[in-house]
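**Q** Numbered by the numbering used here, the letters in the sequence shown go through residues 264 to 509 in order. Glycine included, C-beta positions come from ideal geometry on N, C-alpha and C. Note that the structure is predicted; figures quoted are calculated from it, not measured. Handing you this structure, nothing more for now.
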Amino acid sequence: MNLKEKINLDKLPRHVAIIMDGNGRWAKKHGKPRVFGHKNGVTAVRETTEAAAELGVEYLTLYAFSTENWSRPQFEVNALMTLLVETVRRELDTLNKNNIRLQAIGDLKKLPAKTHKALLDGIEKTKNNTRMTLVLALNYSARWEIINAVQELATKAADQTIKPEDINEEMFANALSTKGIPDPELLIRTSNEQRISNFLLWQISYAELYFTPLFWPEFRKEHFHEAIIDFQNRERRFGKTSEQIS
Ligand code: IPE
Ligand code: IPE
Ligand code: MG
264 MNLKEKINLD KLPRHVAIIM DGNGRWAKKH GKPRVFGHKN GVTAVRETTE
314 AAAELGVEYL TLYAFSTENW SRPQFEVNAL MTLLVETVRR ELDTLNKNNI
364 RLQAIGDLKK LPAKTHKALL DGIEKTKNNT RMTLVLALNY SARWEIINAV
414 QELATKAADQ TIKPEDINEE MFANALSTKG IPDPELLIRT SNEQRISNFL
464 LWQISYAELY FTPLFWPEFR KEHFHEAIID FQNRERRFGK TSEQIS
């Protein structure tokens with residue numbers, strides 16, 4: 264039996280989020296510049312997107328560029344932004360063929376104009392697709408997102424559109440950039456790092472965490488399947504006892 268057949272399709276996570284890490288170290292391992300790693304990371308993005316859509320995962324969120332990543336060398340930042348434009352443009356037809364909708368979270372207005380435009384264009388041209396939503400986290404920072412939500416709600420409270428005591432989890436979640444998207448049930452991070460790096464802090468409250476030593480450019484469909492199987496073998500208790508679950 265191959266890996267994919269071991270997956271219980273009735274117990275899929277609706278939303279999987281991935282911290283794609285290790286491009287630079289993968290390139291170094293092959294004696295190449297870091298940007299070579301980013302370029303090869305695109306293959307892993309394609310494979311993972313396909314694997315998720317084939318299984319029936321509804322949302323796949325990929326952490327592509329954090330707010331902190333602006334502090335990398337200018338050359339690398341430029342290369343990443345160009346790669347993003349090229350990839351979004353190049354993959355548009357495939358996304359449409361596979362009925363996949365593109366979305367983005369993060370402070371998108373601060374992206375270079377070209378990147379921003381390509382992204383908005385991709386979102387617009389795939390907006391009616393229904394099989395899966397691919398969410399790119401770009402210039403994303405969870406703390407930025409939370410502060411943004413707090414400012415929005417505080418403004419509404421100040422002009423009396425809402426009462427402070429009306430603020431609940433649902434209202435708060437709706438002020439985040441992931442509004443309308445269910446919380447990820449599974450968070451994957453590659454490259455042996457075991458940290459969150461300012462990603463989806465509110466949304467991953469109860470996510471299962473899965474870490475793999477593979478560098479992102481090495482990640483393939485079968486590795487995605489492995490992560491899903493691992494997820495399905497866990498007991499998600501949500502504060503209850505094991506006996507209450509079974
Ligand atoms: C992930 O790989 C890609 C981005 C953060 C944009 P890295 O570029 O962080 O690779 P390492 O961690 O330096 O190996
Ligand atoms: C996290 O990776 C951000 C993305 C994958 C886009 P980093 O490589 O930037 O994370 P740190 O700085 O090592 O935690
Ligand atoms: Mg890294």
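Within 10 Å of its beta-carbon, does methionine 434 have 16 or more other beta-carbons around it, so buried, or fewer, so exposed?
**A** Here residue 434 corresponds to residue number 171 of the sequence shown, with the count starting at 1. With fewer than 16 Cβ atoms within 10 Å of its Cβ, methionine 434 is classed as exposed.
**Q** Note down, in chain order, each residue of its chain lying with its Cβ closer than 7 Å to the Cβ of leucine 439, except the 5 sequence neighbours on either side.
**A** Working through the sequence shown from its first residue, we reach residue 439 at position 176. Here the set comprises Glu408, Ala412, Trp465.
**Q** Take lysine 390 and list the residues in its own chain whose beta-carbon comes closer than 7 Å to its own, dropping the five residues that flank it on each side.
**A** Taking the first residue of the sequence shown as 1, we reach residue 390 at position 127. Arg364, listed in sequence order.
**Q** So does the stretch 472-484 actually touch the stretch 279-297, counting three or more Cβ pairs closer than 8 Å?
**A** Cβ pair count under 8 Å is three or more, so yes.
**Q** Where does methionine 344 sit, in a helix, a strand or coil, going by DSSP?
**A** Within the sequence shown, residue 344 is the residue found at index 81, counting from 1. Correct three-state label for methionine 344: helix.
**Q** Within 10 angstroms of the Cβ of glutamine 414, are there 16 or more other Cβ atoms? Answer buried if so, exposed if not.
**A** In the sequence shown, counting from the first residue as 1, residue 414 sits at position 151. Glutamine 414 should be labelled exposed.
**Q** Tell me whether aspartate 284 counts as near ligand 2, meaning its Cβ is closer than 6 Å to at least one heavy atom of that ligand.
**A** Here residue 284 is taken as the residue at index 21 of the sequence shown, counted from 1. Yes.
**Q** Have a look at aspartate 493 and threonine 424 and give me their C-alpha separation to the nearest angstrom.
**A** Looking up residue 493 in the sequence shown gives position 230. Looking up residue 424 in the sequence shown gives position 161. Rounded to whole angstroms, aspartate 493 to threonine 424 spans 45 Å at the Cα level.
**Q** I need the straight-line Cα distance from valine 308 to alanine 314, nearest angstrom please.
**A** If you number the sequence shown from 1, residue 308 lands on position 45. If you number the sequence shown from 1, residue 314 lands on position 51. Approximately 10 Å, taken between the alpha carbons.
**Q** Along the chain, where does the alpha helix (DSSP H) containing valine 308 start, and where does it finish?
**A** Within the sequence shown, residue 308 is the residue found at index 45, counting from 1. Looking at the DSSP string, the run of the alpha helix (DSSP H) that includes valine 308 is 297-318.
**Q** Does the distance between the C-beta of arginine 288 and the nearest non-hydrogen atom of ligand 1 fall short of 6 Å?
**A** Residue numbering aside, residue 288 sits at position 25 when the sequence shown is read from its first letter. Checking every heavy atom of ligand 1 against the Cβ of arginine 288, one is found closer than 6 Å.
**Q** With C-beta atoms as the reference, is aspartate 284 less than 7 Å away from serine 404?
**A** As a first step, residue 284 must be located in the sequence shown, where it is residue number 21. As a first step, residue 404 must be located in the sequence shown, where it is residue number 141. No. Outside cutoff.
**Q** Does the beta-carbon distance from valine 305 to threonine 350 come in below 7 Å?
**A** Looking up residue 305 in the sequence shown gives position 42. Looking up residue 350 in the sequence shown gives position 87. Yes. Within cutoff.
**Q** I need the DSSP call for threonine 396, collapsed to helix, strand or coil.
**A** Numbered from its first residue, the sequence shown carries residue 396 at position 133. The answer is strand: DSSP assigns threonine 396 an E or B state.
**Q** How do the stretch 355-363 and the stretch 382-400 stand: do at least 3 beta-carbon pairs fall below 8 Å, yes or no?
**A** Short answer: they touch.
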